[in-house]
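All remarks here apply to the structure that follows.
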Amino acid sequence: MATALTALALAGAACGGGDSDPGPTDDGGIDRSLLGPSRPAGGAPVKVGFISDGSTPAFDNTIQIDAAVAMTKYLNEHAGGIGGRPIELVTCETAADPSRAADCATDFVQADVTITVAGESTAMGTAWKPLHDAGIPIFVYATTEQAAILDRDSTFALADQIAGLAGMPITVARENNLPKVTVVGVDVPVVTGFYDAIGDQVFGDAGLELEVVAIPPDQADLSPQMIRIAGGGPTEVHIIGGDAFCIAAFNGLRAASFDGPVSVVNQCVSDSSKSALGDALEGVYASAPFAIDDHENPDLRRWRAIVDAYDENDIDMSNSMGSTIFVTMTALSRALDGFTGEVTPARIIEKIRSAPELPLPAAPGLTFHCDGQANPLVPAACTRGGLMTTLDAEGSPTLPYKPFGDEG
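Taking my numbering, the leading residue of the sequence shown gets 8, the next gets one more, and so forth.
Okay, structure coming up:
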């Protein structure tokens with residue numbers, strides 16, 4: 008992915024008071040009373056780094072930065088910032104370039120940030136090590152960077168990466184009384200590495216046979232592999248890949264007349280795949296990081312109120328990347344609730360690690376606990392399991408979501 012110049016911006020969110028509280032409104036059916044009472048931060052600001060891929064020639068994730076700015080304003084006015092002090096957001100774009108990510112980490116260290124926050128970044132690897140070496144905690148929504156997820160010292164990751172790789176297909180196979188899971192995924196290390204390392208152990212412990220069908224990235228017609236799967240006996244098929252890969256996999260399964268249950272990761276479901284596959288998605292099991300499209304979820308209703316009150320860049324509410332930042336920063340605020348005294352990286356780490364088990368924002372039935380025990384296989388993980396739903400004939404999630412893979 009092409010690079011772009013690193014952008015470092017200091018956005019000092021103002022301390023809010025009663026006069027600046029936007030108050031309730033009926034505009035657009037959004038209830039600003041969901042913002043809660045005014046609890047403005049005061050005193051010297053606390054610098055918080057925020058890292059994002061931002062804008063690249065291949066994709067545009069600047070919505071993450073817009074969401075972080077809006078969340079900072081909200082937390083400073085309604086959650087007392089951090090320890091009663093206002094958050095000063097220090098943002099940096101990597102352009103999905105590892106060298107730029109390393110520059111972001113250097114900038115954060117030089118700026119004396121107290122903690123670094125991120126949603127999902129493709130260049131987390133080179134940013135992680137300098138921050139870790141400097142003792143600066145990193146609180147991310149999700150990362151596949153091995154050094155980060157195995158870190159017991161100062162890294163905290165909300166999403167359980169193993170949930171979508173193992174927890175979900177295990178749950179689906181059990182629900183359908185099947186003895187086997189067949190994983191269909193792109194043959195790249197980020198997909199196959201987990202299965203190569205501990206796949207047989209994890210699925211074997213669940214009493215299931217595992218087969219991994221790794222597809223070369225440049226293969227467009229998946230029919231040969233799908234025909235073999237359909238003729239290989241009862242199995243649940245779990246598809247891991249983007250929408251184009253999923254379209255090819257579903258077309259292959261349909262051509263092979265496969266009639267068993269199918270599960271997919273949430274990246275599979277997009278407008279493109281819905282249009283291409285039509286009602287082939289009906290009944291398919293889909294994982295979700297939180298209750299996407301559940302307009303009655305109280306946390307997501309609060310997120311809409313935050314955007315209505317504090318966004319200045321027309322955040323697209325249909326883009327879950329923005330909601331992911333809401334979930335991440337809300338969870339961080341909950342973990343730091345009650346923090347008092349000097350705000351230092353070491354004390355932030357201590358407070359996050361000692362915080363009690365708390366509800367995971369916008370994910371009914373799931374909790375997070377960043378004590379290193381949520382999932383022994385990945386010490387940085389704060390959550391075990393995920394949410395699952397089935398899709399309707401239009402490829403949309405049916406509600407309610409239900410937790411999966413959160414067994415101890």
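Just so you know, even glycine gets a beta-carbon here, dropped at the ideal spot from N, CA and C.
Residue i, DSSP secondary structure in three states
i      : result
Asp33  : Low local confidence applies: a pLDDT of 41 at Asp33 is under 50, so the model's placement there is unreliable, and no value is given.
Ile355 : helix
Tyr292 : strand
Gly49  : coil
Val244 : strand
Met324 : coil
Gly56  : strand
Phe333 : helix
Pro404 : strand
Arg92  : strand
Gly379 : coil
Thr374 : strand
Cys99  : strand
Pro410 : strand
Met395 : strand
Glu84  : helix
Phe257 : helix
Residue i classed as buried or exposed, judged by whether at least 16 other C-beta atoms fall within 10 angstroms
i      : result
Val147 : buried
Ala227 : exposed
Asp301 : buried
Arg107 : buried
Gln380 : exposed
Ala9   : Residue placement at Ala9 is poorly supported in this model, since its pLDDT is 27, which falls under 50; the coordinates are not used for a value here.
Pro296 : buried
Asp266 : exposed
Ser340 : buried
Asp225 : exposed
Thr77  : Note that residue 77 is Ala in the sequence shown here, rather than Thr. Buried is the call here.
Glu95  : buried
Glu84  : buried
Ala51  : exposed
Val197 : exposed
CB contact flag (residue i, residue j, <8 angstroms)
i      : j      : result
Pro352 : Ile143 : yes
Glu127 : Asn183 : no
Ala75  : Cys111 : no
Ala109 : Asp60  : no
Leu398 : Ala293 : yes
Residues sharing a beta bridge with residue i, DSSP
i      : result
Phe146 : Val124, Phe163
Thr189 : Glu218, Val244
Ala388 : Ala164
(request) Examine the Cβ distances between the segment 362-374 and the segment 392-399 and report whether three or more of them are shorter than 8 angstroms. (result) The answer is yes - the segment 392-399 touches the segment 362-374, with three or more Cβ pairs under 8 angstroms.
(message) Is it the case that the segment 399-408 contacts the segment 199-211, given that we only count it when at least three CB pairs across the two stretches are under 8 angstroms?
(response) No contact exists between the segment 199-211 and the segment 399-408.
(request) Spell out a yes or no on whether the segment 245-262 and the segment 357-370 are touching, meaning 3 or more CB-CB pairs, one atom from each, closer than 8 angstroms. (result) Segments in contact, no.
(message) Can you confirm whether the segment 180-188 touches the segment 272-279 when touching is taken to mean that 3 or more C-beta pairs between the two stretches lie within less than 8 angstroms?
(response) Touching, no.
(request) Tell me, please, whether the segment 157-177 touches the segment 123-141 by the rule of three or more beta-carbon pairs shorter than 8 angstroms. (result) Yes, the segment 157-177 is in contact with the segment 123-141.
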